[in-house]
Amino acid sequence: MGESLRRPLPETFPGSSPALWERLREEVPQVFGPDGEWVLRFHCFVLRVPEGATILVDTGLGPEDSPAASWAPVPGGLLGALAGIGLAPGDIDTVVLTHLHSDHAAGAAAKGEPVFPNARHIVQRTELDWLEGGGGPVLDDIVRPLQRAGLLHAVSGDTALAPDVAIVPTPGHTPGHQSVIVGDDALVVAGDVVLHPAQLADPSVTYVYDEDAAAAAATRAALLARMRGGVLAAPHLHVPFVSVPDVWSAHGG
1 MGESLRRPLP ETFPGSSPAL WERLREEVPQ VFGPDGEWVL RFHCFVLRVP EGATILVDTG
61 LGPEDSPAAS WAPVPGGLLG ALAGIGLAPG DIDTVVLTHL HSDHAAGAAA KGEPVFPNAR
121 HIVQRTELDW LEGGGGPVLD DIVRPLQRAG LLHAVSGDTA LAPDVAIVPT PGHTPGHQSV
181 IVGDDALVVA GDVVLHPAQL ADPSVTYVYD EDAAAAAATR AALLARMRGG VLAAPHLHVP
241 FVSVPDVWSA HGG
């Protein structure tokens, strides 16, 4: 949600090769900006469960004064996008925060109040402990309002959300990163396990902002192997959904 952001390549993705970038420019030119840089998108995802639950995965950039404002194109467009599909903030039952970076969590609170007042907000206990150990605006402006409202729920490990919908830990980008699995791995909302098509072509390609690059690469390889034949939903790719392993096949565009 929100505008795109451009980042230089290949220093953003250590371990990548010139041959890989040349291949990507031929096969997915829409990934690149006019100067050859990475065009970073911001997607959030809504899961409507047949039994009635409405699950939001990540909350995007947030308002103009959010913790993401120091580096990202705020405000995000999440609330307008939800309204466009007939959803008000109060209609969301569950918010899954894949991790507590500002571009994924900053839309969960505004001016000291939760944006989704009827939703439990789920994070991994490991992620919450990591953030509390370092402090910062996401802790003060997002996590603390959710805690005061009794809406933040810390879990440990695999956690069922609804029939055929579950959270699984996918650490590396952050210590307590988590992803959402739908069905028999038919759809995975992967957060920042995969940020760029380069990592689909070569899962060993790391990201400069990974907390643990080796763990992130191992998680990525395992998740992509697990979901072969399924669909990956990733917040920062050029399209919201891609098939695995046919990674260049974009659903709906």
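Heads up: the sequence shown runs through residues 1 to 253, numbered per the UniProt record's numbering.
Don't be surprised by glycine CBs; every beta carbon is placed ideally from N, CA and C.
Segments of 3+ residues assigned as beta strand (DSSP E) that fall wholly inside the stretch 136-213: 152-155, 159-162, 165-169, 178-182, 187-189
Meets three-Cβ-pair contact criterion under 8 Å: the stretch 79-88 and the stretch 131-140: no
query: For V182, which residues of its own chain have a beta-carbon under 8 Å away from its beta-carbon, when the five flanking residues on both sides are left out?
result: L47, D164, V165, V188, V189
query: CA-CA distance, A106 and A162?
result: 25 Å
message: Is it buried or exposed, D129, if we count other Cβ atoms within 10 angstroms and call 16 or more buried?
response: Counting other Cβ atoms within 10 Å of its Cβ, D129 stays below 16 and is therefore classed as exposed.
Start-end ranges of the beta strand (DSSP E) lying completely within the stretch 32-92, minimum 3 residues: Uninterrupted beta strand (DSSP E) stretches at least 3 residues long and entirely within the stretch 32-92 occur at 38-40, 45-48, 54-57, given in chain order.
query: In terms of residues, what are the limits of the beta strand (DSSP E) holding S243?
result: 241-243
- request: Look at L78 and G60 and say whether their C-beta atoms are less than 9 Å apart.
  value: yes
task: Under 7 Å Cβ to Cβ from T206, same chain only, skipping five residues before and after it: list those, please.
output: F13, P14, G15, A213, A216, A217
message: For the ligand ATP, is there any heavy atom lying closer than 8 Å to the beta carbon of V123?
response: With respect to small molecules bound, the structure shown includes none, and the ligand ATP cannot be examined in it.
task: Could you check if Q30 is buried or exposed, using at least 16 other CB atoms within 10 Å of its CB as the buried criterion?
output: Under the 10 Å beta carbon count, Q30 is surrounded by fewer than 16 other beta carbons and is classified as exposed.
- prompt: What residue range is occupied by the uninterrupted beta strand (DSSP E) comprising H121?
  reply: 120-124
message: Going by C-alpha to C-alpha distance, which of D35, R120, F116, P197 sits closest to L232?
response: P197
message: Under DSSP, the beta strand (DSSP E) around A234 begins and ends at which residues?
response: Premise fails: A234 is in no beta strand (DSSP E) and is neither H nor E.
- prompt: By how many angstroms is the C-alpha of P34 removed from the C-alpha of V242?
  reply: The C-alpha of V242 lies about 23 Å from the C-alpha of P34.
- request: Would you mind sorting R25 into buried or exposed? The rule is 16 or more other CB atoms within 10 Å of its CB.
  value: Looking at its Cβ environment, which holds fewer than 16 other Cβ atoms inside 10 Å, R25 is exposed.
task: List the whole-angstrom C-beta distance separating P63 from A110, where the pair is believed to meet the contact cut-off of C-beta under 8 Å.
output: 5 Å
- prompt: What's the C-alpha gap between A119 and V95?
  reply: 6 Å
- prompt: Can you check whether the CB of T54 is closer than 9 Å to the CB of D93?
  reply: yes
query: In its own chain, which residues sit with a C-beta less than 7 Å from the C-beta of S204, not counting the 5 before and 5 after it?
result: G15, A217
- request: Starting from V95, follow the beta strand (DSSP E) in both directions and report where the run begins and ends.
  value: 94-96
query: For Q51, is the classification buried or exposed, using 16 other Cβ atoms within 10 angstroms of its Cβ as the cut-off for buried?
result: The sequence given here places Glu at residue 51; Gln does not occur at that position. Looking at its Cβ environment, which holds fewer than 16 other Cβ atoms inside 10 Å, E51 is exposed.
- request: Under the assumption that L195 contacts H236 (Cβ atoms under 8 Å), give the Cβ distance between them as a whole number of angstroms.
  value: Their Cβ separation, rounded to whole angstroms, is 5 Å, which keeps L195 and H236 in contact under 8 Å.
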